[in-house]
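So the structure is just underneath, and the comments pick up after that.
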Amino acid sequence: MCHCQFKNLKDVCKYFRNHWEPIGPLWSNFGRCYKHGDSETNNLIFSFFHRLKYQFLCGIRNRRLDHLIDVLLNKTDKYFNIIQDLQSAGRVFNPLECKMEEIKKSAQRMLDNGWATAVTAASKETYIYNVPSENNPHVVYCVCPAEQFCNCLAGTRGRTCKHLILLSLLTCGDGETFPDMDTQLQAHAKNLYSISTKPKKKH
Ligand SMILES: [Zn+2]
Numbered sequence: 029m030c031h032c033q034f035k036n037l038k039d040v041c042k043y044f045r046n047h048w049e050p051i052g053p054l055w056s057n058f059g060r061c062y063k064h065g066d067s068e069t070n071n072l073i074f075s076f077f078h079r080l081k082y083q084f085l086c087g088i089r090n091r092r093l094d095h096l097i098d099v100l101l102n103k104t105d106k107y108f109n110i111i112q113d114l115q116s117a118g119r120v121f122n123p124l125e126c127k128m129e130e131i132k133k134s135a136q137r138m139l140d141n142g143w144a145t146a147v148t149a150a151s152k153e154t155y156i157y158n159v160p161s162e163n164n165p166h167v168v169y170c171v172c173p174a175e176q177f178c179n180c181l182a183g184t185r186g187r188t189c190k191h192l193i194l195l196s197l198l199t200c201g202d203g204e205t206f207p208d209m210d211t212q213l214q215a216h217a218k219n220l221y222s223i224s225t226k227p228k229k230k231h
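For the sequence shown, our numbering begins at 29 and goes up steadily by one.
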C-alpha cells in the first residue's frame with residue numbers, strides 16, 4: 029500500500045523497505061508479550077478518548093484544568109461503575125468476562141481430570157511450577173503465579189491462560205506445595221533481593 033501511495037517518492041520507499049519492512053513482525057508483536065487485558069487492539073483506548081471528548085467534555089476544547097479533573101474523578105468513574113454493575117447483573121454483555129469464564133472452565137476441567145497431582149514444583153525458592161499440557165503429553169509449561177507468567181502460546185502473548193488459573197485454583201488447597209499468593213510473592217521478592225544484593229566478584 030505504502031509503495032503504491034508513495035511510488036513517486038523513491039527514497040521514501042527505499043527507506044521504508046530497508047528499515048521498516050524487515051522488522052514488521054516486531055512492531056506487530058510489541059507489547060503483546062506482556063499482560064494487556066486480553067485486548068488485542070488499542071481501539072479500547074481510542075474508544076475511551078472518544079467518549080471522554082464527546083460524551084463527558086461535550087466536544088469543547090481547552091477546558092479548565094479543574095473541570096477536566098472533576099470530570100475524570102467524578103463523572104467518568106460514576107459512569108463506568110454503573111456499566112460494571114450492569115455487566116455483573118448480566119444486563120450488558122461483557123466479552124472479556126465471557127472469555128474469562130471459558131478459561132476458568134478449562135482450568136476446572138484440568139483439575140477434575142487430575143491435574144492437581146500432575147503439576148510439580150520446579151523451584152521452591154520462587155514457586156515456579158511445571159504444568160503438563162492438556163493436549164500434548166510431551167509438552168510441559170513453566171508457570172510462575174507470582175509473576176503471572178506462563179510460557180504456553182497464550183501466556184507468551186500476554187493473555188490470561190488456563191495454566192495460571194489452574195495454579196490459582198490449586199493455591200486454595202495444599203499449603204506447602206501451593207502456598208497462598210502472599211507467601212509466593214514474598215519468596216519471589218526475597219529471591220530478587222538476594223540476587224540484587226549478591227556481592228560482585230572482583231577480578
Ligand atoms: Zn499457560
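Where is the CB? At the ideal position from N, CA and C, for every residue including glycine.
- Cβ-Cβ separation between N158 and C172: approximately 11 Å, too far for a contact (criterion under 8 Å).
- Those residues that bring their Cβ nearer than 5 Å to a heavy atom of ligand 1 are C178, C180, G183, C189 and H191.
- Between the segment 149-166 and the segment 209-221 there are three or more C-beta pairs closer than 8 Å, enough to call the two in contact.
- Between L124 and S67, the CB-CB gap stays under 9 Å.
- Listed as beta-bridge partners of V167 by DSSP are no residues whatsoever.
- In this structure, A135 lies near L197, with their beta-carbon atoms less than 9 Å apart.
- Distance from the Cα of R185 is smallest, within the candidate group W48, G52, K63 and G118, for K63.
- Assigned with DSSP and collapsed to three states, A117 falls in coil, not helix or strand.
- Distance between L100 and V120, taken at the CA atoms: about 23 Å.
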